[in-house]
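Worksheet: one structure, shown below.
Numbering (full-length UniProt numbering), first residue to last: 1 to 244.
Given below as structure tokens:
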């Protein structure tokens, strides 16, 4: 799976996509999110601001697998090449009305708005299944957080990666990464991390030795006295998407 941020004139959201998805399948998935027809899409694939490729949907490229080509892909910019499309008109309408803030109650009554378009297509908070999924994930996370103990031994395990062990030193929000998500600050036994307890100049735990710290998604962490140091060489660990 590839966790990418999708940006267009009408939306900004994060999606999990399979890396073997074809271009035509990708465009079909992006259509209900962005409102842009596949044949009108111009896709820019980026990693940390670096542009890897710019493609458009054509019969020559429809069977390609764009996500498998780029390592650490984190953003797809979707542009509408059709200036007469509904999405383009909505975007233009939004930009021309920025100087005046329409009251929320009046805006909700309008029919030619992004809000009404999202309601009709049951997107975002108007998608019951999406909200149920978010609620389930939130409860799972909250239940798991109750099992974690700071300053206890821990292990970190993600799919496809070897187990790492250390000490759980911090649990909480890291505003430099995301103002809403909760992260675990782990002090590793071996130099297998990506930080030393700092995140963009702010200290959250430690500091610890270089590469002995990491900020990990809580569901990848468990604590317990049984997690003693591992007597193995872990120098060849690959980078982990759920860690910074």
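Virtual Cβ for every residue (Gly too), placed ideally from N, Cα, C.
Name the one or two DSSP bridge partners that residue 7 has. Within the DSSP secondary-structure output, residue 7 pairs in a beta bridge with 12 and 77.
For the ligand GTP, is there any heavy atom lying closer than 7 Å to the beta carbon of residue 73? Here there are no bound small molecules, and the ligand GTP is not part of this structure.
Please tell me whether residue 42 and residue 81 are closer than 8 Å, where the distance is taken between their beta carbons. Cβ atoms of residue 42 and residue 81: closer than 8 Å.
Going by the DSSP bridge assignment, what does residue 44 pair with across the sheet? BP columns for residue 44 point to 54 and 77.
What's the C-alpha gap between residue 230 and residue 165? When rounded, the distance between both Cα atoms is 7 Å.
Residue from 172, 176, 156 and 191 with nearest C-alpha to residue 220: Of the listed residues, the one whose Cα sits closest to residue 220 is 156.
Keeping to the same chain, check which residues put their C-beta closer than 6 Å to that of residue 63; ignore five residues upstream and five downstream. So the list reads 22, once near-sequence residues are dropped.
Write down every uninterrupted run of the beta strand (DSSP E) in the segment 151-210 whose length is 3 residues or greater and which is fully enclosed by it, in chain order. Whole beta strand (DSSP E) segments, 3+ residues: 153-156, 164-174 and 178-188.
Nonlocal neighbours in the same chain, by C-beta distance under 6 Å from residue 72, ignoring five residues either side: Sequence-distant Cβ neighbours of residue 72 in its own chain, meaning closer than 6 Å and more than five residues away, are 47.
For the putative contact between residue 35 and residue 10, defined by C-beta atoms under 8 Å, what is the C-beta separation to the nearest angstrom? By a beta-carbon distance limit of 8 Å, residue 35 contacts residue 10. Their separation comes to about 6 Å.
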